[in-house]
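Keeping their order, the protein sequence lines are chains A and B.
With UniProt numbering, the residue at position 141 of the first sequence is 141, and numbering never jumps.
With UniProt numbering, the residue at position 241 of the second sequence is 241, and numbering never jumps.
By construction, the Cβ of each residue, glycine as well, lies at the ideal position given by its N, Cα and C atoms.
It should be emphasised that the depicted structure is a prediction, and the values quoted were computed from it without experimental measurement.
Inspection log for the structure reproduced underneath, given as structure tokens.
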Amino acid sequence: MEAFTTYTGRAVPLRRSNVDTDQIIPAVWLKQVSRTGFEKGLFAAWREDPSFVLNDPVYAGAGILVAGPDFGTGSSREHAVWALQQYGFRVVIAPRFGDIFRNNSTKMGLLPVILPETDVETLQSAVEADPTTEITVDLGARRVHGGGVDAPFEIDDYTRWRLMEGLDDIGLTLRHADGITAYEEARPAWLPATL
Amino acid sequence: MGRTLADKVYDAHVVRRAEGEPDLLYIDLHLLHEVTSPQAFDGLRMAQRPVRRPDLTIATEDHNVPTQNILAPIADPVSRTQVETLRKNCAEFGVRLHPMGDAGQGIVHVIGPQLGLTQPGMTVVCGDSHTSTHGAFGALAFGIGTSEVEHVLATQTLPQIKPKTMAVTVEGALPAGVTAKDLILAVIAEIGTGGGQGHIIEYRGEAIRALSMEGRMTVCNMSIEAGARAGMIAPDETTFAYLKGRPHAPQGADWDAAVAYWTSLRTDDDAVFDKEVVIDATTLTPFVTWGTNPGQGAPLGASVPDPASYADPIQRSAAERALEYMGLAAGTPLREIAVDTVFVGSCTNGRIEDLRAAADVLTGRKVADGVRMLVVPGSMKVKAQAQEEGLHEVFTAAGAEWREAGCSMCLGMNPDQLKPGERSASTSNRNFEGRQGKGGRTHLVSPAVAAATAVTGRLAAPADL
């Protein structure tokens with residue numbers, strides 16, 4: 001996973017709530033067996049509308065998406081995270097996130113930032129008024145500033161450390177292989193096996 | 001202080017707990033399907049890691065499978081490649097697979113319970129958000145992403161921060177003609193699509209205890225639609241009776257030991273939930289959705305709401321956008337909405353009781369002219385049982401199409417899709433834009449409402465016939 005410390009850049013305002021993962025990456029894109037090429041499917045149905053915000057060239061190259069509440073609800077598809085990252089986003093800011101999407105994001109190094117609705121609205125208005133507005137998301141300091149906002153955000157210490165170091169979970173977990181084996185030896189014998 | 005059901009199951013699976021770190025949670029059962037696993041297996045190969053516990057892992061083909069001509073190769077080459085990739089991966093890593101055409105094949109959340117692999121007190125995960133279904137047995141079951149699928153394959157554990165707990169208590173008895181699906185749609189409309197975020201919901205109360213296992217699975221299945229991490233129901237005699245004699249259920253002395261443990265899996269009287277909601281079952285009626293998220297629902301007797309009636313500007317603009325997408329005018333009675341497609345199936349409502357409920361309504365009746373009705377059993381076992389009971393004859397006599405098992409039109413990854421502008425009454429779980437096919441419009445309903453709607457061509461309950 002790519003390490004995340006701080007990001008400064010422009011932002012795209014997405015004034016929609018309940019942006020479910022079916023919208024982020026429609027199911028037809030889930031048939032791929034590789035991990036690449038999903039940027040083409042990002043918001044595929046909405047991008048067919050020329051007035052959709054991602055089609056506005058003033059937001060090209062922006063690395064932050066500022067969305068309404070309940071972003072990433074629905075399906076567990078991690079492809080939604082891959083699509084956002086491969087399109088060029090490093091951060092999504094929203095008042096609330098779907099749990100699985102938020103979890104998937106932190107596994108991949110896409111930073112989900114929860115800010116109050118009023119701050120999200122301020123950021124959206126700022127980047128609509130001036131698309132060149134730069135916003136800084138500082139994971140070390142747990143702060144967002146720029147666009148008329150200077151606000152702290154919460155993220156647990158462990159996830160923050162893992163993101164800043166760019167560490168994968170599997171390697172970290174396998175340090176505790178002895179503990180897993182000990183747990184397995186104590187499991188009740190009547191638990192089911194598939195083989 | 002006492003503990004909740006969720007606390008008990010969670011605590012029993014903590015392999016390691018350390019200050020400032022997530023818990024390491026042991027996973028008792030890992031379900032796989034073709035869509036969210038290929039990149040995880042690739043990751044294992046790259047790191048030269050084996051599957052730690054193939055004996056706690058099982059795979060099936062469901063999302064891409066056509067529901068017709070299943071013994072022929074899949075026509076769509078991309079779908080075919082994905083299914084073949086699962087077959088290669090399962091063979092290489094020693095994982096049991098139920099492929100298309102196998103008598104054990106079906107939707108991943110239908111086959112786990114059917115085999116008796118899903119049992120009370122277990123932890124169950126799958127790269128699929130509807131894994132919450134298995135919580136109906138008092139298991140802690142939740143959906144994960146592909147990175148976590150790889151993590152479970154490699155370690156049989158997951159790092160977890162313990163979710164909060166939420167009680168949804170449904171008091172009183174459901175009126176006649178009101179089903180588990182109506183109940184959960186009403187709950188989601190009440191608490192919203194974000195109402196359960198960060199929480200494990202425990203469904204409690206008289207109406208929940210009275211549900212069959214199929215009904216409980218329908219309720220827990222849609223926990224994710226309320227934003228919850230998982231949904232659970234305390235195991236009881238209904239649960240034990242369902243499990244007894246299933247292929248992977250414990251037997252003899254093991255059964256007695258298991259039941260003794262399962263019986264302890266209930267929330268203590270003095271336990272405290274982080275959040276509580278109480279619903280009065282006696283006021284519920286058949287419930288349907290009118291919008292583009294599962295929280296946008298209303299009783300069938302109501303009308304399409306006026307977006308201006310929402311005080312919250314975000315909800316108002318969401319409702320405006322939903323009505324535009326759905327092609328609906330505010331104030332239209334829901335019973336006047338005409339559909340061209342009816343879908344009975346999915347991990348929400350593709351089990352035998354669901355098919356019986358639909359067949360019961362269709363007996364001696366016909367699907368309306370101009371309406372296409374698909375009935376897709378949740379598994380090949382469900383299909384076989386339905387045929388044994390003659391349900392398929394009821395469906396075909398009524399003019400419905402009787403298909404093979406799979407996820408089908410719930411998400412249209414196979415050929416079963418809505419065309420742009422088509423409108424369905426669907427027993428599935430998501431009415432998102434384009435969910436059942438690009439430009440398609442979805443109304444979520446119960447199997448009984450789906451069947452009555454097929455007969456009238458408009459959203460209807462059996463009592464309307």
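At the 8 angstroms Cβ level, is residue i part of the contact set with chain A, yes or no?
{"i": "Pro159/B", "result": "yes"}
{"i": "Thr36/B", "result": "yes"}
{"i": "Ser147/B", "result": "yes"}
{"i": "Asp102/B", "result": "no"}
{"i": "Asn64/B", "result": "yes"}
{"i": "Gln385/B", "result": "no"}
{"i": "Lys438/B", "result": "yes"}
{"i": "Ile58/B", "result": "yes"}
{"i": "Arg430/B", "result": "yes"}
{"i": "Ile111/B", "result": "no"}
{"i": "Ile200/B", "result": "no"}
{"i": "Ile188/B", "result": "no"}
{"i": "Ile184/B", "result": "no"}
{"i": "Gln114/B", "result": "no"}
Starting from residue i, find everything on chain A with Cβ-Cβ shorter than 9 angstroms and list it in chain order.
{"i": "Asp55/B", "result": "Ala193, Thr194, Leu195"}
{"i": "Ala154/B", "result": "Ile170, Thr173, Leu174"}
{"i": "Ala91/B", "result": "Here the premise fails: no neighbours, minimum Cβ distance about 14 angstroms."}
Is the Cβ of residue i closer than 8 angstroms to any Cβ of chain B?
{"i": "Lys31/A", "result": "yes"}
{"i": "Ser76/A", "result": "yes"}
{"i": "Asp22/A", "result": "yes"}
{"i": "Tyr87/A", "result": "no"}
{"i": "Asp157/A", "result": "yes"}
{"i": "Pro69/A", "result": "yes"}
{"i": "Ile180/A", "result": "yes"}
{"i": "Asp99/A", "result": "yes"}
{"i": "Ala27/A", "result": "yes"}
{"i": "Ser17/A", "result": "yes"}
{"i": "Arg35/A", "result": "yes"}
Residue j and residue i - do their beta-carbons sit closer together than 8 angstroms?
{"i": "Phe43/A", "j": "Trp29/A", "result": "no"}
{"i": "Gly295/B", "j": "Thr427/B", "result": "no"}
{"i": "Thr118/A", "j": "Arg10/A", "result": "no"}
{"i": "Met222/B", "j": "Asn429/B", "result": "yes"}
{"i": "Gly177/B", "j": "Pro286/B", "result": "yes"}
{"i": "Met373/B", "j": "Ala400/B", "result": "yes"}
{"i": "Thr36/A", "j": "Met164/A", "result": "no"}
{"i": "Asn104/A", "j": "Asp70/A", "result": "no"}
{"i": "Ile70/B", "j": "Val83/B", "result": "no"}
{"i": "Val288/B", "j": "Val445/B", "result": "yes"}
{"i": "Pro54/B", "j": "Met217/B", "result": "no"}
{"i": "Asp416/B", "j": "Gly2/B", "result": "no"}
{"i": "Ala167/B", "j": "Gly196/B", "result": "no"}
{"i": "Ala319/B", "j": "Pro299/B", "result": "no"}
{"i": "Pro192/A", "j": "Gln119/B", "result": "yes"}
List, in chain order, every chain A residue whose beta-carbon is nearer than 8 angstroms to that of residue i.
{"i": "His151/B", "result": "Asp169, Ile170, Thr173"}
{"i": "Arg96/B", "result": "Thr194, Leu195"}
{"i": "Gly434/B", "result": "Asp22, Gln23, Pro26, Ala45"}
At least one CB of chain D closer than 8 angstroms to the CB of residue i: is that the case?
{"i": "Leu24/B", "result": "Absent from the structure is chain D; the protein chains it does hold are A and B."}
List the residues of chain B that residue i touches, going by C-beta distances under 8 angstroms, in chain order.
{"i": "Arg142/A", "result": "Within 8 angstroms Cβ-Cβ: nothing; Arg142/A doesn't reach chain B, min ~16 angstroms."}
{"i": "Lys107/A", "result": "Gly145, Ser147, Glu148"}
By the criterion of Cβ-Cβ separation under 7 angstroms, what are the contact partners of residue i in chain A?
{"i": "Leu117/B", "result": "Pro192, Thr194"}
Mind pulling the chain B residues with CB within less than 9 angstroms of residue i?
{"i": "Tyr7/A", "result": "What Tyr7/A touches in chain B: nothing, since even the nearest Cβ is about 21 angstroms away."}
What does residue i touch in chain B if you count any residue whose Cβ is under 7 angstroms from its own?
{"i": "Arg96/A", "result": "Gly194, Gln197"}
{"i": "Thr73/A", "result": "Thr193, Gly227"}
Practice problem: Report the residues of the region 70–89 of chain B with a CB closer than 7 angstroms to any CB of chain A, ordered along the chain. | Solution: So the close ones are Val78, Ser79, Thr81, Gln82, Thr85.
Quiz item: Can you list, in chain order, the residues of the region 218–243 of chain B whose Cβ is nearer than 7 angstroms to any Cβ on chain A?
Solution: Listed by position, the residues of the region 218–243 of chain B near chain A (Cβ gap below 7 angstroms) are Gly227, Arg229.
Exercise. Compile a chain-ordered list of the residues in the region 42–67 of chain A whose CB is closer than 7 angstroms to at least one CB of chain B.
Key: Ala45
Practice problem: Identify each residue in the region 389–420 of chain B for which the Cβ-Cβ distance to at least one residue of chain A is less than 8 angstroms, and report them in chain order. | Solution: Leu411, Gly412, Met413
Quiz prompt | Contacting positions in the region 123–143 of chain B - beta carbon closer than 9 angstroms to chain A | solution = Cys126, Gly127, Asp128, Ser129, His130, Thr131, Phe142, Gly143
Self-check item: 4-residue-minimum alpha helix (DSSP H) runs that sit fully inside the region 337–381 of chain B, ordered along the chain
Solution: Unbroken alpha helix (DSSP H) stretches of 4 residues or longer found wholly inside the region 337–381 of chain B: 346–349, 352–362, given in chain order.
Self-check item: Chain-ordered residues of the region 5–30 of chain B with a beta carbon less than 8 angstroms from chain A
Solution: Val15, Arg16, Gly20, Glu21, Pro22, Leu24, Tyr26, Asp28, Leu29
Quiz prompt | Against chain A: residues of the region 345–364 of chain B by CB proximity under 8 angstroms | solution = So nothing in the stretch comes that close.
Quiz item: When Cβ atoms are compared, which residues of the region 272–304 of chain B fall closer than 7 angstroms to chain A?
Solution: Asn293
Quiz prompt | beta strand (DSSP E) segments (min. 3 residues) lying fully within the region 99–172 of chain A | solution = 111–114, 135–138, 143–146, 149–152
Practice problem: Check distances from the C-beta atoms of the region 248–261 of chain B to those of chain A and list, in chain order, the residues that come in under 7 angstroms. | Solution: His248, Pro250, Asp254, Ala257, Ala258
Practice problem: Would you list, in sequence order, the uninterrupted alpha helix (DSSP H) runs of no fewer than 4 residues that lie entirely inside the region 161–249 of chain B? | Solution: 180–191, 206–209, 213–221, 237–243
Quiz item: Got a sec: which bits of the region 317–332 of chain B sit with their beta carbon under 8 angstroms from any beta carbon on chain A, in order along the chain?
Solution: Ser317, Ala318, Arg321
Exercise. Could you pull out every unbroken beta strand (DSSP E) segment of at least 3 residues lying fully inside the region 256–343 of chain B, listed in chain order?
Key: 275–280, 287–289, 297–299
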